[in-house]
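J.: Please read through the structure below; I'll follow up with questions.
In UniProt numbering, the protein residues as written are 1 to 440.
In structure tokens, the structure reads:
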């Protein structure tokens, strides 16, 4: 028996693949619904995503969607969403989409362009746990860090590139440098890699966890909390706040790092201390709806990111209705703006009125909007995305040691934060557990 604690996308994907492997399990989720950070809010004609806004799909993830018979629910991202913008000197500029457009595009200075092309001949350096910023500054120069890397990292991790570890968040970049002597050469050699596309679902991102929940519902305990875990007579015993204890040979922790640390038995004090260090910055998500005539020019593209050096109020916005027009009325525009993260954590403490006021001023100036939003709402995450800092070496080492004891970590704070990462890790762990149980 495998006991999975936590019913977010990590726990659900693992449960699904365990069922495929024929491995008995119980999934325990303390709240009344599954999905974790994936939350879709349907409000009349509007669809607001409080968590992930889309899913990046390759062949492996597509296979899962096909098995779940979700093809009829899929909504493809519009082609215009390939356009991405960065705030520079107070206005939005299109990010170069290819090496050729980089030459013609005025986004980077000529010095930065030379630095980028010189990267092809810069010698590789041994990897010593560099930060993301240090790695890219060494390879491409400071301007690329300020106007490409920092906003990109804010968009994915809401993080600080000077603290995030390059080998933990972008291991492929390290591999490219080590294997090809250059990041750009690595991209060129691997440009024929797996194709991915961005999509959502008619009723929002929550569709995926809901469908997974339907498949595994017979082995799901909702609204049930784990009180403690104990080792008894060679097996794990999971004590719940209601119902009988559950005996298991394997325990999987699919909860946040701090909750996982609290659940570990007292004898694993070093692991508990390491996992408590994982930092989750706060994040506020603001949805703003405008009438199209309020715009001098309707925003077309995925959205815009704001480099820290621009000193803007928000981290940037996703132009939701440009990507997925179905998320609001035909004559309206929906914009999703993010505030806080590792570089602006204090701003999440502002009250709703101040945050929305500041965002309204910012959007008005940058997108040339007349008037105020027709509708606006805010949601907050006290602990948003786990940050892969220097403590990750110890975090991962303790997780690896515990595997021999029958305790496994399958969550977004180890091995990748994205939904596809969590799904793929779930599949690999299910296969490993099936083999382990079969052998024993």
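Cβ atoms here follow ideal geometry from the backbone N, Cα and C, with glycine treated the same way.
#1: So, at 7 Å on beta carbons, what are the nonlocal neighbours of residue 307 in its own chain, with the 5 sequence-adjacent residues on each side left out?
#2: Determine the DSSP secondary structure at residue 114, reduced to helix, strand or coil.
#3: In or out: residue 412 buried (at least 16 other Cβ within 10 Å) or exposed?
#4: Can you tell me the Cα-Cα spacing of residue 59 and residue 284, whole angstroms?
#5: Would residue 157 and residue 417 be called neighbours here (beta carbons separated by less than 9 Å)?
#6: Quick check: residue 226 and residue 5, are their CB atoms within less than 9 Å of each other?
#7: If I'm right that residue 288 touches residue 335 with Cβ under 8 Å, what's the distance once you round it to whole angstroms?
#8: Near residue 376, which residues of its chain fall below 6 Å by C-beta distance, leaving aside the five closest residues on each side in sequence?
#9: For the region 325-334 against the region 40-60, are there 3 or more C-beta pairs whose distance is under 8 Å?
#10: Where residue 128 and residue 360 are concerned, what is the direct C-alpha to C-alpha distance, given to the nearest angstrom?
#11: Extract the residue ranges of the beta strand (DSSP E) inside the region 275-352, only unbroken runs of 3 or more that lie entirely within it.
#12: Based on Cα-Cα distance, which residue from 238, 326, 68, 426 lies nearest to residue 77?
#13: Should residue 29 go down as buried or exposed, given a rule of 16 or more other Cβ atoms within 10 Å for buried?
#14: With C-beta atoms as the reference, is residue 224 less than 9 Å away from residue 19?
#15: Tell me whether residue 188 is buried or exposed, calling it buried when 16 or more other Cβ atoms sit within 10 Å of its Cβ.
#16: Counting pairs of beta carbons, one from the region 168-185 and one from the region 111-130, are three or more of them closer than 8 Å?
#17: According to DSSP, is residue 229 helix, strand or coil?
#18: Straight-line CA distance for residue 320 to residue 110?
#19: Taking residue 9 as part of the beta strand (DSSP E), name the residues at either end of that continuous run.
#20: In terms of residue numbering, what span does the beta strand (DSSP E) encompassing residue 408 cover?
#21: Assuming residue 154 contacts residue 305 (C-beta within less than 8 Å), just tell me the rounded distance between them.
#22: Relative to the alpha-carbon of residue 345, which residue among 314, 94, 368, 363 has its alpha-carbon at the smallest distance?
#23: Using the Cα positions of residue 451 and residue 106, report the straight-line distance between them to the nearest angstrom.
#24: Are residue 429 and residue 252 touching if we call contact CB-CB under 9 Å?
#25: With a floor of 3 residues, list each beta strand (DSSP E) that falls wholly inside the region 210-271, ordered by position along the chain.
#26: Is the beta carbon of residue 255 less than 9 Å from the beta carbon of residue 386?
#27: Measuring alpha carbon to alpha carbon, tell me which residue in 96, 16, 91 is nearest residue 311.
#28: When the Cα atoms are used, what is the spatial distance from residue 267 to residue 136?
#29: How would you call residue 301, buried or exposed, if buried means at least 16 neighbouring beta carbons within 10 angstroms?
#30: Kindly indicate which three-state DSSP category residue 375 falls into: helix, strand or coil?
#31: Do residue 10 and residue 204 come within 9 Å of each other at the CB atom, strictly closer than that value?
#32: Assign residue 108 to one of three DSSP states: helix, strand, or coil.
#33: If you follow the beta strand (DSSP E) that residue 47 is in, where does it begin and where does it stop?
#34: Looking at the structure shown, is residue 158 part of a helix, part of a strand, or coil, going by DSSP?
#35: What residues in its chain sit with their C-beta under 6 Å from that of residue 381, if we drop five residues either side in the sequence?
T.: So, to answer that:
#1: The answer, listed in chain order, is 86, 87, 146, 147, 150, 151.
#2: Helix, per DSSP.
#3: Per the 10 Å Cβ criterion, buried.
#4: Rounded to whole angstroms, the gap between the alpha carbons of residue 59 and residue 284 is 33 Å.
#5: Yes.
#6: With contacts defined by Cβ atoms closer than 9 Å, residue 226 and residue 5 form a contacting pair.
#7: In this structure, residue 288 and residue 335 form a Cβ contact; the two beta carbons are roughly 5 Å apart against a cut-off of 8 Å.
#8: Only 288, 356 meet the Cβ criterion.
#9: Proximity of the region 325-334 to the region 40-60 meets the contact definition, three or more beta-carbon pairs being nearer than 8 Å.
#10: The alpha-carbon atoms of residue 128 and residue 360 are separated by roughly 43 Å.
#11: Counting only runs of 3 or more, we get 283-291, 303-305, 316-318, 332-340.
#12: Comparing Cα-Cα distances from residue 77 to each of 238, 326, 68, 426, the minimum goes to 326.
#13: When all chains shown are included, residue 29 counts as buried.
#14: Not a contact, by the Cβ cut-off of 9 Å.
#15: Exposed, because fewer than 16 other Cβ atoms sit within 10 Å of the Cβ of residue 188.
#16: Verdict: yes, contact present.
#17: In the structure shown, residue 229 sits in a strand (DSSP, three-state: E or B).
#18: Their backbone Cα atoms lie some 33 Å apart in a straight line.
#19: Residue range 9-21 is occupied by the alpha helix (DSSP H) that includes residue 9, with no beta strand (DSSP E) assigned at that position.
#20: 407-409 is the span of the beta strand (DSSP E), which, as asked, contains residue 408.
#21: Contact check for residue 154 and residue 305: beta-carbon distance about 6 Å, within the 8 Å limit, so the pair qualifies.
#22: Checking every option, the nearest Cα to that of residue 345 belongs to 314.
#23: In the structure as shown, the chain begins at 1 and stops at 440. Residue 451 is therefore absent and cannot be evaluated.
#24: Contact: yes.
#25: Counting only runs of at least 3 residues, the region 210-271 fully encloses the following beta strand (DSSP E) elements, listed from N- to C-terminal order: 220-222, 226-232, 235-240, 246-248, 250-253.
#26: No, these two residues do not count as a Cβ contact at 9 Å.
#27: Taking the Cα of residue 311 as reference, the smallest distance to any Cα among 96, 16, 91 is reached at 91.
#28: In a straight line, the C-alpha of residue 267 is about 41 Å away from that of residue 136.
#29: Buried: at least 16 other Cβ atoms inside 10 Å.
#30: In the structure shown, residue 375 sits in a strand (DSSP, three-state: E or B).
#31: No, Cβ-Cβ distance for residue 204 and residue 10 is not below 9 Å.
#32: The answer is coil: DSSP assigns residue 108 none of H, G, I, E or B.
#33: It spans 46-49 - the beta strand (DSSP E) in which residue 47 sits, taken as one unbroken run.
#34: Annotated three-state conformation of residue 158 is coil, per DSSP.
#35: If you ignore the 5 residues before and after residue 381, its C-beta comes within less than 6 Å of the C-beta of 283, all in its own chain and listed in chain order.
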